[in-house]
Amino acid sequence: MMRLPRFRYLAPRSLREATAALADLGPEALPVAGGTDLFPNMKRRQQTPPVVVGLRGVSGLRAVSGDPARGLSLGAMTRLCDVAGGRALAAGWPALARAASLVGTPPLRNMGTIGGNLCLDTRCTYWNQTHEWRRSIGYCLKRDGDVCWVAPGSSRCWAVSSSDTAPVLCALGAEVTLVSRAGERRLPVADLFADDGIRHLSRRPDEVLAAVHLPAPDPADRTVYLKLRRRGAVDFPVVGVAAKVRLGAGGAVESSRIFLGGVGSRPQEASEASDFLQGRRLDDPETVEEAARLAARVAKPLQNTDFAMGWRKGAAREYAARALRELAR
Amino acid sequence: MPGPVGKPLRRIDARGKVTGETRFADDLSLPGMLHMKLARSTVPHARILGVDLAAAWAADGVRAVLTGADFPVPFGILPVSQDEHALCTDKVRFVGDPVAAVVAVDELSAEEAARLVEVRYELLATIASPEEALSTREPRIHEYGDGGNVHKAVAFDFGDVPAALAGAEQVFEDLFFYQGNTHLALEQHATLAYVDPDGLLTIASCTQTPHYLHRAAAKVLGLPANRIRVLAPPQGGGFGGKTDPFNHEIVAAKAALLTGRPVKIALTREEVFLCHRGRHPVLMRMRTGVDREGRMLGHSVETLLDGGAYGSYGVASTFYTGALETVTYRMDRYRFRGCRTFTNKPPCGPKRGHGTPQPRFGLEIHIDKICEKLGRDPAEWRIANAIAPRSLTANWLEVGTTGLVRCLEAVVAASGWKARFRNLGPGRGLGIASSAYMCGAGLPIYFNEMPHSGVQLLLDRGGGVTAFCGSTEVGQGSDNVLALLVAEVLGLSPSDVKVVTGDTSLAPVDLGSYSSRVTLMMGNAAVEAATRARERLAEAASAHLEIPIERVGFAEGRVFDVGDPSRGVTFAEAVARAETAGGTVGTVGSYRPPAPRARFKGGGVGPSPAYSFSAAVVEVEVDPTTGVVRVEKVWVAHDIGRALNPVAVRGQVEGSVYMGLGEALMEEQAFRRLPPRLSGALVHQAPSMLDYKSPTTLDMPEVETILIEDPDPNGPFGAKEVGQGPLLPIPPAVANAVYDAVRVRVDESPVTPEKVLAALRAPSRRTGPTSFPAVTWPEALRISPPWEGGDGTAAKVKP
Amino acid sequence: MDSSLPVPEVGPRGKFRLALSVNGERREILVDPYKTLLEVLREDLGLTGTKHGCELGECGACAVLLDGDLALSCLVAAVECGDREVTTVEGLRDGPELHPLQAAFADHGAAQCGYCTPGMLVAARWVLDRKPDATREEIAEALSGQLCRCTGYQQIYEAVEAAGRVLRGEAPTAPRLPEVHGRTPDAGPGR
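Chains as they are written, first to last, in the numbering used here: chain Z, 13 to 341; chain E, 17 to 815; chain X, 22 to 212.
Encoded structure:
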C-alpha cells in the first residue's frame, strides 16, 4: 500500500495563525485544503513537506457572500460540489458551476475545494509518478533532476495547468484575495498564474488563497466551459475551453475573453481570437472557424498528458469552435 | 427441474461480499505481523555488481533484509522457462525487477528502509521492442531460448498453404497490431506468510493457481511440499494476473521462516503494473486464399510477441496466438508461425483470452475486408462458413457442440443488422465479429497424468454437506458453481453446501482458475463426487423405504419415493441411515480431460474438452472531426452450453464485454523510452489507475446479452465456459463498426481517436502496421489435416 | 476568531488520540500521525470492509461516507477526522438483516469479486439518501468514481434501482435475466 510520509500537522484556527505558521516555517510548510492534490503528491514523494498546515479548521474560509446581482465572494475552502450545485452559482455563473461539476469524480468534488483547484500543481506524465519511477528516469527539472524530459533541450519546465475552474475564472474576470502575515492583496485570477511548470503560481509560499471573487454577470454576457478528456470521469482536462462573450444590441460580439486550459503551464488567453471576434457574429460559421483557428494558436501541447500532442492541438481548435457555437445559441 | 441449475439464485458468497465480511488477502493479519517491501531495479537491463544493505539494516524498525543470495534456486510457471529468481541474483532485466526485500515492524518503515538499499549496476543495452530483440543478439536478456533474444519460435504447416494460396480465386493479406494491456484487477496482490502454531509454513496469497505456487515454493525454499500450505482467499479479480508464482510470495515465505513471525506484503498499484503478466503486444501478418464462394482454402498467420523480461506463460502464449485460429470457420489448410522475443519490460503472460484475442482481432477484421471485396454480408459469410459440430480442425482440435451459428443469428436479429449494416449513414456504423474459446487446457502446466481437478465431499449427520476443492474464487463464481452442482445432484439448495476451496492442505488439487477450466473440470469432478454420495444415500433410502433404487428421488432436501413422494426421509436422515449401513459417508470425484487428437510437439496447446462460441454486434458513432469513437450499444450472444446460473452468467458475459471494450478503445500497457543519447531508461508510461484507462460508468454503453444453450456432453449439465469467450469478438467488432461508420480501417488496438483521425486523413484510409520484420523461423512441423490423410502426427524430418 | 493558545499540532512521531464516530459508535484510539482514514479503519479499527485499489483517489474502492458525504478515505488524513462521523459498508445495516441495497446487490448479480462492492454500496447509499428515486443517469453519475473491472456496471444499476424501490416501500423485484435461446430438456449431468 502507498502511504503518506511522516509529517507534522498544524491545525490553525484562524488566518492569522495559518499565515503566521507559513511565514515562520517557510519552505518547510505547505498548506492543505481538501487534500486531493497534495496527499497523492505526498504519497508519490513529489512533495514531502515536513509540516502540513491544515486549512480545514481556519474560520471564515468557507463563507459565501453576495448574489448574482452584486457579485459573489467564495471562501477558498468552498467545496467543488457546492460550487457545482449552489443555486446562486448556477444562476449567475453557470460556466463555473459546470467546470466544478466536471472535476474528477463525485467524492473528489466533495473533498476538493475551489481554492485547491486554482492552486492545483501542474501535471506531467514524467512528474506525476512515484518516487521510484522518477528515480528510474533520473528525475526531472521540477525536482531532483536537471532535464525536462518533455523537451530535453529546454531550460524550463513544461508541466501542464490541469485545473478546470482556472480557465473559467480567468474568462469571467474573477479575482482572488491572498492573505499573508504582511497583509492582503487582491488580483485577477489570470495574474495568479505564470507560464512555468515549476513556479506556476504567483501566490507566495507564505500566502493563503483566502477567497475567490466573482464579478456580477452582465445580462449581455454568455459563458461556456467545455472539457475534453478521454473518459467521462476521473480524468484531468487535456483541453479545456472557457469563454465569456458580451453581445451587443445587434448580436455582434462586443468583447470576449477566451482561455484554454490543459494546453500550457497556465491557462492560455486566446487574445488574437478575442480581437478577431470583436464586431463579428458568432452565428457565422466562417467567423467561428477563424476564431477557433486563432484560439488554437495559444495551445502548445507537448507529449506530457494523455492523448498525442498533435491530436490535442487539433482538438483544441475543434473544441474552441464548439464552445463558440454553443455561445451562439 | 426442481434443482438450482438454471435458476437465478443468489450466489453463496454474495452475503459476505455485500457486508464487507469476506476476507481478502490483505484483510488478513496476525499478531506480531511484520511488513515487507521490495526494493526494485531502477534500470532496465544491467548486471548487479553489488548490493549494499548496511543503511537498510540500520534503519528504524527493520527486522530482516534479503537479497538474491537467499534465493539461488530459479523458478517459473512453465517447466521450460524456469528463468526467475525470487530476488535477482546477477542481473536485472526490467525497471521494477525485485532486487532486495526489507522486513520491518510497519509498512512505512519498510518503505523508508527499502529506499536505502544501494545497488551498483553495470548497465547493459536496453532492448525495448521485438524488432530490437531480433536485431540484437548480444547482450542476451537470458542465456536460454531460440538464439539471441528470441525466446521461442515455432512453425507449423497443416497442409500446403502456399499451394492453396496459389490456387485460390483471391488472396488477401493484412498486417495487424494488438497492443499490450493489463488485467487491472481492483485488488492489488497481497501475501501473508506465516508458520502456523503446528510449525507448518503457510502462504495465504492472491493466487489463481495455489497448486502451482505450492510447487514453486517447495522448489525454491527447498522444503518438502507437505511442509508448505498454500491457501488462496477469495480474490478481488484475477483475469490471469495472479496465475504466476510471484517473487513477493516466495520472498514473504522465506522471510516468515527467517524471522519466525508472520510477514505481510501488499503491492502498490504501480507494483502490480510491474508484475504484469498481461496481454502480449502482438504483431500479426495474415494471408488467406479463398475460392469463388469465399471459402477459406488456406490461411496463414505469423505472430511476433513482445514477451517482456521473463518467460512466464509466454511459450504457451506463443502457441495460443495460433492454436485456436481454426476453431471458428472452416479452413482447409492452416499455417502458423509464432515468435516471442524477450525485451526489458515487465513480463507478459496470460490475460483473459490468453493469446487468442490478438489473432481474433486480426482474423475478424481480415474477414470483414474479404467480405467487402467479395460483396458478401459479413454475418452471412460467418454463418455460411461456421465450423461444423463434432468435427476436427485442420490442426487436429476436436470440436464438440458449436452454438456459433445461433450466436450469429441472435445478434443479427437483435441488432437489426440486415436493415442497418452499411445503412446507418455517415458517422454511424455496425460491426460484427465472432469467436471461440476453450473450456480448459487439455494439458496441465507440468507434465503428469493425474486428474486436473478433484472434489471431496463430506456429508454430516446434521444434513450439511461440505465440498473440498483446490479451485480458486476470483470473482467468476467458481465457489458458487461448486455448491450448486453438488446441490443439484443431491437435491439440496446451494446454501446447504459449504465449500472449502483454494487450500492445498485441505482440498484436493485443482489446477487453478485459468484457461476457463473450472466450471467444466471442477464441475465434472463435483458431479462425480456428488453422484457417488447420492448412490450411497439412495441405497440406504431404498432399503428403508423398501423400493427399488431407481425410484429414489432427491429434491428440496428430501430423499423420497418418486412414485409416492409423500413417502421419504429428510436428507439428514438419509445420511444417518447411509452412515449406519456403510460407515462414514465421504466421496471423491475427479476429472481428467480426454487425450488430444494432436500428437505432434506443441500440439498440447489448443485442445480442450469443449469450446464455447460468441458473437457480437457493436454499434458506434464516430466523430469525423476528432476521431472519437462512442460505442452506442453492444449485442452479444454466447454459446454457454447450459447456463448454470443465468444471473451469474450474464455478469460474466457483460464483464467480458466491458473488458473487451476497454481493450478496444483505451487500455494500453505502453512504455516510454527516454532519448537514448541521454538515458537508457525504459519505463511504464501509465502505471496508475488514472493514467491506465479503464471505462467508468459514464463510458460504458448498454449491453444486451443473449445466451445460446446447446448442452455439451463434456460439460457438467452441458455447461461450457463464460469467463473469457465473450471478450474476444468485442475489439474486432468495434474496429469493423468504425469502418462501417467512416470507412477507415484501424488495424491496430486500441482504436483511439488519434488513430481514427490519422486514418481519416491518410490516402490509404488506414492506420496500422506496414511491415513485419524478417524472422528466422525454425523448420516447420508438417502435419497433414485430417481430411488429407493425416493421423495427427508430424511428418518425419528428412535426415 | 483568534486565539492566544498555541496552534494544535500532531506528529511527526508518536501516536495521537483520535476520537470519532464510526458506524454510529464512538471510538477513541491512538493512531500514527501519517495514517489516512482508510488505514485507521482497516488497521486500527479492524474494519477491513473498506478496500484499497490505488491509494491515490483514482479508483473509488476506499469510498466511505464522511459526515454523510461520499469521500475517498485514502485521501483523508486521520489528523483531520476528529469528532467526525464515518459510515463504512459495515455500517450499512443495523442488525442482522441486510440493508435493501446489500440484498439487491446480492440478488441482482451486482457483486462478482466483491472488491469494488463496499465502495459501490456506500456510493449507492449516498445517492439514494439524497435522491430516493434517482434515475439511471443519476446513478451512473454518482457512481462514476467507482471503478469495477468485473460487471460492466449494468447489474449494479439494476440493483441500485431495485433497492431504491424497496426503500420507497415497494416489493423487491427479481433480477433481470438475459434472453436464453434454445433451452433444451434436461441434458442430465453429463459424462
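Every residue, glycine too, gets a C-beta built ideally from N, C-alpha and C.
{"Item": "Residue 506 of chain E beta carbon less than 8 angstroms from that of residue 546 of chain E", "Value": "yes"}
{"Item": "Element boundaries [beta strand (DSSP E), containing residue 304 of chain E]", "Value": "298-306"}
{"Item": "Counted within 10 angstroms of its Cβ, other Cβ atoms place residue 211 of chain X as buried (16 or more) or exposed", "Value": "With a pLDDT of 42 at residue 211 of chain X, under the threshold of 50, the predicted position of this residue should be treated as unreliable, and no value is reported."}
{"Item": "Short CB-CB distance (under 8 angstroms) between residue 21 of chain Z and chain X", "Value": "yes"}
{"Item": "Buried or exposed (CB count within 10 angstroms, at least 16 for buried), residue 145 of chain Z", "Value": "buried"}
{"Item": "Per DSSP, the bridge partner or partners of residue 293 of chain Z", "Value": "Paired residue(s): none; residue 293 of chain Z is not in a bridge."}
{"Item": "Short CB-CB distance (under 8 angstroms) between residue 114 of chain X and chain Z", "Value": "no"}
{"Item": "Proximal chain E residues relative to residue 164 of chain X, where beta-carbon distance stays under 8 angstroms", "Value": "713"}
{"Item": "Exposed unless 16 or more other CB atoms sit within 10 angstroms - verdict on residue 281 of chain E", "Value": "buried"}
{"Item": "Nearest-angstrom Cα separation, counted from residue 165 of chain E out to residue 156 of chain E", "Value": "6 angstroms"}
{"Item": "Paired residues, beta bridge with residue 56 of chain E - DSSP", "Value": "E/114"}
{"Item": "Nearest-angstrom Cβ-Cβ length linking residue 19 of chain Z and residue 65 of chain Z, presumed shorter than 8 angstroms", "Value": "Not a contact, Cβ separation roughly 10 angstroms."}
{"Item": "Counted within 10 angstroms of its Cβ, other Cβ atoms place residue 53 of chain E as buried (16 or more) or exposed", "Value": "buried"}
{"Item": "Residues within the region 189-205 of chain X neighbouring chain E, beta-carbon criterion of under 9 angstroms", "Value": "195, 196, 197, 198, 199, 200, 201, 202, 203, 204 and 205"}
{"Item": "Secondary structure of residue 106 of chain X, DSSP reduced to three states", "Value": "strand"}
{"Item": "Cutoff 7 angstroms; reference residue 33 of chain Z; Cβ partners in own chain excluding five residues on either side", "Value": "22, 24, 41 and 65"}
{"Item": "With 16 other Cβ atoms within 10 Å as the buried cut-off, status of residue 463 of chain E", "Value": "exposed"}
{"Item": "Where residue 353 of chain E sits in the DSSP three-state scheme", "Value": "strand"}
{"Item": "Start-to-end residues for the alpha helix (DSSP H) that takes in residue 321 of chain Z", "Value": "321-340"}
{"Item": "Residue 122 of chain Z at chain X interface by Cβ criterion, 8 angstroms", "Value": "yes"}
{"Item": "Residues near residue 208 of chain X by beta carbon distance below 7 angstroms, same chain, minus five either side", "Value": "Any answer about residue 208 of chain X is weak, because its pLDDT of 43 lies below 50 and its placement is not dependable; what the coordinates show is given next. There are no such residues."}
{"Item": "Where residue 60 of chain Z meets chain E, residues with beta-carbon distance less than 7 angstroms", "Value": "Per Cβ cutoff of 7 angstroms: no residues; residue 60 of chain Z is ~12 angstroms from chain E at best."}
{"Item": "Chain X contact for residue 31 of chain Z (CB, 8 angstroms cutoff)", "Value": "no"}
{"Item": "Contact set between residue 126 of chain X and chain E, taken where Cβ atoms lie within less than 7 angstroms", "Value": "34"}
{"Item": "Inter-residue spacing [alpha-carbon to alpha-carbon] between residue 203 of chain Z and residue 43 of chain X", "Value": "44 angstroms"}
{"Item": "Cβ pair residue 873 of chain E, residue 469 of chain E closer than 8 angstroms", "Value": "Here chain E comprises residues numbered 17 to 815, so residue 873 of chain E is not present and cannot be evaluated."}
{"Item": "Whole-angstrom distance between residue 392 of chain E and residue 448 of chain E, CA atom to CA atom", "Value": "13 angstroms"}
{"Item": "Sequence-distant residues of its chain with Cβ nearer than 7 angstroms to residue 781 of chain E (five each side left out)", "Value": "759, 760, 761 and 775"}
{"Item": "Contact set between residue 738 of chain E and chain Z, taken where Cβ atoms lie within less than 7 angstroms", "Value": "Here the premise fails: no neighbours, minimum Cβ distance about 27 angstroms."}
{"Item": "Three-state secondary structure assigned by DSSP to residue 203 of chain E", "Value": "coil"}
{"Item": "Which residues DSSP lists as bridging residue 165 of chain E, in chain order", "Value": "Answer by DSSP bridge pairing: none, since residue 165 of chain E is not bridged."}
{"Item": "Exposed unless 16 or more other CB atoms sit within 10 angstroms - verdict on residue 433 of chain E", "Value": "buried"}
{"Item": "Whole-angstrom distance between residue 238 of chain Z and residue 526 of chain E, CA atom to CA atom", "Value": "53 angstroms"}
{"Item": "The alpha helix (DSSP H) enclosing residue 438 of chain E, as first and last residue numbers", "Value": "Run containing residue 438 of chain E: none; DSSP gives neither H nor E here."}
{"Item": "Alpha-carbon to alpha-carbon, residue 26 of chain Z and residue 22 of chain X", "Value": "Low confidence applies here, because residue 22 of chain X scores a pLDDT of 46, under 50, leaving its location unreliable; read the following figure in that light. Cα to Cα, the separation comes out at about 6 angstroms."}
{"Item": "Closer than 7 angstroms at the beta carbon, the chain Z residues around residue 183 of chain X", "Value": "Chain Z residues near residue 183 of chain X: none, gap ~21 angstroms exceeds 7 angstroms."}
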